[in-house]
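Heads up: the sequence shown at position 32 corresponds to 60 in the working numbering, and the numbers run straight through without jumps.
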Amino acid sequence: MPAPSFRYRIDTDHGLALAQIAGDATGEYIASCVRALQADPAWSDAYDVIWDDRGVTVLDVTPRGLDEMVAAQTNGQFGMDVIVSDRGSREAVFLLYARRTRAAGRPARVCQTLDEALDAVGRTALPAALDAA
């Protein structure tokens with residue numbers, strides 16, 4: 029089982045972050061990734077985030093893990109979260125997550141491709157600072 033990994037880049041000029049999670053992940057792990065991004069001094073709650081979860085091999089989200097993911101994400105109410113998930117079984121979990129974060133006031137959407145995610149945040153391409161991520 030591949031250990032989970034997390035990396036991100038923040039483009040302060042464009043108000044956009046690209047976060048990538050890979051390996052076997054739990055809801056608690058994803059919540060810790062959200063908190064790590066938000067703790068970065070370059071972060072602003074007004075920024076949009078594209079969460080690229082296509083590298084996740086196994087997603088194990090319990091009800092408690094989902095609660096932690098939502099609680100971590102709804103700390104920032106202004107930007108939009110777009111989750112890129114290309115596997116149907118994971119997509120259902122992320123759709124539930126998106127519904128709950130939207131209900132708490134933070135816009136969220138699930139897409140199957142990076143192009144769809146870019147469109148959701150009003151862009152046609154990643155800014156150069158994020159393209160290398």
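Cβ atoms here follow ideal geometry from the backbone N, Cα and C, with glycine treated the same way.
Can you have a look at residue i and say buried or exposed, based on whether 16 or more other CB atoms are within 10 angstroms of its CB?
| i | result |
| --- | --- |
| residue 106 | exposed |
| residue 35 | exposed |
| residue 109 | buried |
| residue 150 | exposed |
| residue 93 | buried |
| residue 55 | buried |
| residue 96 | buried |
| residue 120 | exposed |
| residue 90 | exposed |
| residue 70 | exposed |
| residue 148 | buried |
Please look up how many angstroms separate the CB atoms of residue i and residue j, rounded, as I've assumed it's under 8 Å.
| i | j | result |
| --- | --- | --- |
| residue 113 | residue 82 | 7 Å |
| residue 47 | residue 61 | 7 Å |
| residue 118 | residue 87 | 5 Å |
| residue 31 | residue 38 | Actually they do not touch by this definition, with Cβ atoms about 24 Å apart. |
Using alpha carbons as the reference points, say which of the options lies closest to residue i.
| i | options | result |
| --- | --- | --- |
| residue 126 | 137, 119, 118, 53 | 137 |
| residue 73 | 148, 147, 40, 119 | 40 |
| residue 84 | 76, 100, 75, 57 | 57 |
| residue 76 | 157, 146, 156 | 146 |
| residue 99 | 128, 111, 153, 122 | 128 |
Where DSSP assigns a beta bridge to residue i, which residues make up the other side?
| i | result |
| --- | --- |
| residue 139 | 112 |
| residue 83 | 50 |
| residue 77 | 45, 109 |
| residue 36 | 47 |
Open item on the list: With three or more C-beta pairs closer than 8 Å as the rule, is the segment 131-145 touching the segment 65-72?
Closed with: no
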